[in-house]
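Scroll down for the structure; my scribbles are underneath it.
In the working numbering, the protein residues as written are 235 to 389.
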């Protein structure tokens, strides 16, 4: 099975040269990305919160592993979009206490047992929710909020 990943730094991907066309605030970027994501036919909305302390790079690897786990269960390639939210799940005011967790939109999983995937995720990482995607609940904009915030804060 082949996988294709396009990175924002990929020179073969063309972006508008006129930066005035780019969203300039986290809210504008999140709205634009949420609109774009909502055009897809998502089937699942998933959140994985780690039971152990995870660094941001570890959370990124876990997100990729989540999709590999779903593909194994589906026995076919699946589509998805994920973002990492850093939040105070474990409490505290120290920025080091921010614990990342994954939000993911998933497609091409018709017939795949959410419960079976949930059990594997829970056993491996901890608190996990995998729900049917409901376009009226705003998950596309919720996930886009973290992408927009991160993109404009980090560049």
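Using N, Cα and C, we set each Cβ at its ideal position, and we do this for glycine too.
* Considering only the beta carbon of each residue, do residue 264 and residue 379 sit closer than 7 Å? -> When the beta-carbon positions are compared, residue 264 and residue 379 come within less than 7 Å of each other.
* Would you kindly check if the distance between the Cβ of residue 307 and the Cβ of residue 351 is under 7 Å? => Less than 7 Å separates the beta-carbon of residue 351 from that of residue 307.
* Asked: Who are the near neighbours of residue 276 in its chain, counting only those whose CB is closer than 7 Å to its CB and skipping five residues on each side?
  -> Taken in chain order, the residues that qualify are 339, 340, 341, 367.
* Asked: I think residue 353 touches residue 337, with their Cβ atoms under 8 Å apart; what is that distance to the nearest whole Å?
  -> The C-beta distance from residue 353 to residue 337 rounds to 20 Å, too long to meet the 8 Å contact threshold.
* To do: Report the residue from 280, 369, 266 whose alpha carbon sits nearest the alpha carbon of residue 335.
  => Looking at the Cα atoms, 280 is the closest of the given residues.
* To do: Name the residue from 364, 333, 269 whose alpha carbon lies nearest to the alpha carbon of residue 291.
  => Closest option to residue 291, Cα to Cα, is 333.
* Can you give me the start and stop residues for the alpha helix (DSSP H) that residue 291 sits inside? => Where residue 291 is concerned, the enclosing alpha helix (DSSP H) stretches over 290-308.
* Presumed contact (8 Å Cβ cut-off) between residue 285 and residue 360, rounded CB distance -> The C-beta distance from residue 285 to residue 360 rounds to 3 Å, short enough to meet the 8 Å contact threshold.
* Asked: Are the beta-carbon atoms of residue 278 and residue 343 separated by less than 7 Å?
  -> Going by C-beta atoms, residue 278 is nearer than 7 Å to residue 343.
* To do: Hey, could you find the ends of the beta strand (DSSP E) residue 278 is sitting in?
  => Element bounds for residue 278: 278-283.
* Asked: Under 7 Å, do residue 293 and residue 377 count as touching if we go by C-beta distance?
  -> No, the Cβ-Cβ distance between residue 293 and residue 377 is not below 7 Å.
* Asked: Where does residue 268 land, buried or exposed, given buried means 16+ other C-beta within 10 angstroms?
  -> Residue 268 sits buried, since 16 or more C-beta atoms from the chains shown fall within 10 Å of its C-beta.
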